[in-house]
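S.K.: To start, I am sharing the structure in question, which I have written as C-alpha cells.
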Amino acid sequence: MKKIALIFGVTGQDGSYLAKFLLKKKYIVHGVRRRSSSFNTKRIDDIYVDPTNKNANFFLHYGDLTDSLSIFKLIEKILPDEIYNLAAQSHVHVSFEVPEYTSNVTALGTLRILDTLKTLQKKKKIKFYQAGSSEMFGKTKNKIQNEKTIFYPASPYAISKIFSHWITKNYRESYNLFASNGILFNHESPLRGETFVTKKIVTALVKISLKKQKKLYLGNLYSKRDWGHANDYVKAIWKILQHKKPDDFVIATGRNITIKEFVNRVCKKLNMKIFWTGKGVNERAILKNTNKIIIECNKKYFRPSEVPSLKGDYSKAKKILKWKPLISLNELITEMVEYEKQQINQ
Ligand code: NAP
Ligand code: GDD
C-alpha cells in the first residue's frame, strides 16, 4: 500500500521540494493551497496532474490554517499517514507589520491541526511534523545552537513558532500523538520567495550584471545566518517522521556568514569586482570598472529587532537520523545564479 502524505504549505519553497521528494518515494501526496486572486501554484505546476487521471498521485485541495473547519474536513476525508505542517506567514520582517495575522496562522494554525489529530486518533494514528525555526533562538548568547539551547525570540514570527513548538510537544506528551518538531536553520534554493535576502541579492545582482537593473537596496549587512539548501532539508524533514519515536531535531550546516559576505560571494560568481565604503545605513558597494554605486542600505529594510547570529549544531540529527547537509553554500549560490540567468533569458 502506498503511503499517503498531506502537506500544508505545498505551494511554498519547502512544500514544493517535499512534494517532489515524496512522489519519488512513491507516496500519494495531497497538498493544501489557499485561495488567491492570482496563481500561487507556480512552484508545483510541473507535478500537477488532472485529478480525473486514474494514475494521479498528487492532489490539491483548498484550505487555510485560519479555518478550523477546512482543516478538520480535509484531514478527516484524506486520513493521511503523515502530515507536514509547512504553512506559515513565514516572513520575519512582515510579522512586525501583521503580528495578529502571523500569530493566527503560524501559532494557532498548528493547534488547529493538532486538535484535529487528537479528535481523529481513534480512527487513525497520523504522524505530524511541525516546521520550527532557528529564529526561535533569536537573541541567544550561545554561539552555536542545539536542541537544548534556550529560546529568546525577537519577532512575532519567532514567538508564534515557539507556541507551535511547545503545543506540538504538549500534544505529544498529553495525548501520545506522534508529533515531532524540526528546528530548521535558513535554507534556500532557486525557488526561494523573492523577498528573502538570498533570493533578493541573487536576482538583483544577476540583473545588474546584465544591465537590466541599476541598484539593490538592503538592510542590516552584518547579521550572520547558517544557510543550507532546501533540497537537503526536506530529506531531513522526512527522516524526522520515519524515526521510530517522535522527537525534536536541529537541522543546519554548522557554518554561518554575514549578508555582506553572501553578497561578496555572489559578486565573485558573477565576476563583478566591487568595493565597500561608508558605515551603517550609509554603507554602499561600488562597481570598480564603472565607479557606480550598485548597493545601498535603506532604513526600510532594517527590522525593529534583529537576530544577529544563528549557527546550528546538527549533531543529534547526524547521529540519530544519519542526516547531514550535502550541498555547500557555494554550490547553492551557483545554482541560484544559473537559475536566475535562465529566467532572464527566457
Ligand atoms: P514559504 O515559501 O513562505 O511557504 C509558506 C507556505 O505557507 C506557502 O505555501 C503559503 O501559501 C502557505 N501559507 C501561508 N499562509 C497560509 C494560511 N493562512 N493557510 C494555509 N497556507 C498558508 O516558506 P518556506 O520557506 O517554504 O518554509 C516552510 C515552513 O518552514 C514555514 O513554516 C517556515 O516558517 C518554516 N521555516 C522555513 C525556513 C527557511 O529558511 N525556509 C527555516 C525554518 C523554518 P501561498 O503560496 O499561498 O503564500
Ligand atoms: N529579507 C531581507 N531583505 N533581509 C535582509 C535585507 C533585505 O533587504 N537586508 C538585510 N537583511 C537581513 C535580515 O535583517 C536578516 O538578518 C537576514 O538578512 C536574513 O533575512 P531573511 O532572508 O528575510 O531571513 P530570516 O533569517 O529573517 O528568516 C528566514 O529564516 C528563518 C530561519 O532562521 C525565513 O525563512 C523564516 O521563515 C525562517 O524561519
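Taking this note's numbering, the leading residue of the sequence shown gets 560, the next gets one more, and so forth. Think of the CB as a built atom: it goes at the ideal place given N, C-alpha and C, for glycine as much as any other residue. Being a predicted model, the structure only gives us computed values, none of them experimental.
1. Taking just the CA atoms, how far does I816 sit from A615?
2. Where K636 and I566 are concerned, what is the direct C-alpha to C-alpha distance, given to the nearest angstrom?
3. Inspect the beta-carbon positions of A578 and I606 and report whether they are closer than 8 Å.
4. I'd like to confirm something about D674: is its beta-carbon nearer than 7 Å to some heavy atom of the ligand NAP, or not?
5. Applying the criterion that 16 or more other CB atoms from any shown protein chain within 10 Å of the CB defines a buried residue, is N841 buried or exposed?
6. Name the residue from S864, E865, G839, W835 whose alpha carbon lies nearest to the alpha carbon of I852.
7. Could you tell me which residues DSSP puts in a beta bridge with N807?
8. Who are the Cβ neighbours of S768 in its own chain at under 7 Å, not counting the five residues just before and after it?
9. For E732 versus S714, is the C-beta spacing smaller than 8 Å?
10. Compute the distance between the beta-carbons of D785 and K870, then report whether it is under 8 Å.
11. Apart from the five residues just before and just after T570, which ones in its own chain have a Cβ nearer than 7 Å to its Cβ?
12. What residues in its chain sit with their C-beta under 7 Å from that of K858, if we drop five residues either side in the sequence?
13. Could you check if I903 is buried or exposed, using at least 16 other CB atoms within 10 Å of its CB as the buried criterion?
14. CB I760 to CB V825, shorter than 8 Å?
15. Quick check: does the Cβ of N612 come within less than 7 Å of any heavy atom belonging to the ligand NAP?
16. Could you name the residues of the same chain whose beta carbon sits closer than 7 Å to that of F737, not counting the 5 residues immediately before and after it, in chain order?
17. Checking the sheet assignment: what are the DSSP bridge partners for W835?
18. Give me, in chain order, the residues of the same chain whose beta-carbon lies closer than 6 Å to that of E641; leave out the 5 immediate sequence neighbours on both sides.
19. Do you know how far the Cα of D872 is from the Cα of K700?
M.R.: On the basis of the supplied data:
1. As a working mapping, residue 615 is identified with position 56 in the sequence shown. As a working mapping, residue 816 is identified with position 257 in the sequence shown. Each residue's Cα considered, the two are about 43 Å apart.
2. Here residue 636 refers to the residue found at position 77 when the sequence shown is read from its first residue. Here residue 566 refers to the residue found at position 7 when the sequence shown is read from its first residue. If I take the Cα positions, the gap works out to 14 Å.
3. The sequence position of residue 578 within the sequence shown is 19, counting from 1. The sequence position of residue 606 within the sequence shown is 47, counting from 1. Their beta carbons are under 8 Å apart, which means A578 touches I606 by this criterion.
4. Position 115 of the sequence shown holds residue 674. No, since every heavy atom of the ligand NAP falls outside the 7 Å radius drawn around the Cβ of D674.
5. Locating residue 841 in the sequence shown gives position 282, counting from the first residue. N841 should be labelled exposed.
6. As a first step, residue 852 is located in the sequence shown; it is residue number 293 there, counting from the start. Checked all of S864, E865, G839, W835; the closest Cα to I852 is W835.
7. Looking up residue 807 in the sequence shown gives position 248. First, the residue type needs correcting, since residue 807 is Asp and not Asn in the sequence shown. N740.
8. Looking up residue 768 in the sequence shown gives position 209. Excluding residues within five positions, the ones whose Cβ falls inside 7 Å are L829, M831.
9. Within the sequence shown, the letter at position 173 stands for residue 732. Within the sequence shown, the letter at position 155 stands for residue 714. Contact: no.
10. By one-based count along the sequence shown, residue 785 stands at place 226. By one-based count along the sequence shown, residue 870 stands at place 311. In this structure, K870 lies closer than 8 Å to D785 by Cβ.
11. Position 11 of the sequence shown, counted from the first residue, corresponds to residue 570. Counting only Cβ-Cβ distances below 7 Å, and skipping sequence neighbours, we find R592, N599, T600, R602, I603.
12. Stepping through the sequence shown from its first residue, residue 858 is reached at position 299. So the list reads V840, once near-sequence residues are dropped.
13. In the sequence shown, the residue the question calls residue 903 occupies position 344. That one is exposed.
14. As a position in the sequence shown, residue 760 is number 201, starting the count at 1. As a position in the sequence shown, residue 825 is number 266, starting the count at 1. Contact flag set, yes.
15. Start at 1 with the first residue of the sequence shown, and residue 612 comes out as number 53. N612 Cβ: outside cutoff for every heavy atom of the ligand NAP.
16. Taking the sequence shown and counting its residues from 1, one reaches residue 737 at position 178. Around F737: K684, K686, F687, P805.
17. If you number the sequence shown from 1, residue 835 lands on position 276. DSSP output for W835 lists A844 as bridge partner(s).
18. As a first step, residue 641 is located in the sequence shown; it is residue number 82 there, counting from the start. Once the five neighbours on either side are set aside, the close Cβ partners of E641 are A564, K686, L800.
19. Residue mapping note: residue 700 aligns to position 141 of the sequence shown, counting from 1. Residue mapping note: residue 872 aligns to position 313 of the sequence shown, counting from 1. C-alpha separation (whole angstroms): 15 Å.
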